[in-house]
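Residue 33 in the working numbering sits at position 31 of the sequence shown, with consecutive numbering throughout. Working notes for the structure below.
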Amino acid sequence: MGCLESLPYEVLLSKISFKESREFLSRYQEKYDIEPGYRMFDLNIIGVPPIRVAVDGNALIFPFTKPCHGTFLIRVPEAMEEIERLRNRK
């Protein structure tokens with residue numbers, strides 16, 4: 003299992019709702035809706051579907067929920083491998 007702390011990430015928003023996350027990510031031109039359980043960076047993404055993620059250049063932005071701490075909007079730079087996997091999923 004992966005660990006968020008092992009990634010070079012930036013917190014864009016903290017303690018937000020899934021709705022707030024979707025609305026924030028709607029402003030990005032390249033965005034995708036994924037189902038709970040989708041794995042990115044070896045992390046299981048959890049939340050209320052649809053879970054929106056966005057691409058910002060070479061960075062991937064996604065909601066990450068830490069039990070007992072809430073949901074955060076995370077930006078991981080230089081995430082081309084995960085972005086390509088997201089673009090090519092079926």
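All C-beta atoms, glycine included, are put in the ideal place defined by N, C-alpha and C.
Need the endpoints of the alpha helix (DSSP H) that residue i sits in, please.
i	result
F26	20-27
Just verifying my parser: in three-state terms, what is the DSSP assignment at residue i?
i	result
I48	coil
R91	coil
L6	helix
E86	helix
S34	With the sequence shown as reference, residue 34 is identified as Tyr, and Ser is not the correct amino acid for it. The answer is strand: DSSP assigns Y34 an E or B state.
G39	coil
With a CB to CB cut of under 6 Å and the five nearest residues on each side skipped, what residues in its chain are close to residue i?
i	result
S16	F74
V13	F74
P52	D35
C23	Looking at the sequence itself, residue 23 is Ser, so the reference to Cys does not match. So the list reads P65, L75, once near-sequence residues are dropped.
According to DSSP, which residues form a beta bridge with residue i?
i	result
L62	V57, V78
Taking just the CA atoms, how far does residue j sit from residue i?
i	j	result
I76	G59	15 Å
Q31	C70	32 Å
E80	M42	13 Å
F20	D44	21 Å
M82	I47	18 Å
For residue i, is the beta carbon positioned less than 7 Å from some heavy atom of the ligand NAD?
i	result
V50	The ligand NAD is not part of the structure shown, which contains no ligands of any sort.
Return the chain-ordered list of same chain residues with a C-beta closer than 7 Å to the C-beta of residue i, the five sequence neighbours on each side being excluded.
i	result
A56	L27, Y30, E32, K33, I63
L9	F43, V78
Which same chain residues, not among the five before or five after residue i, have their C-beta less than 8 Å away from its C-beta?
i	result
I85	V57, N60, L62
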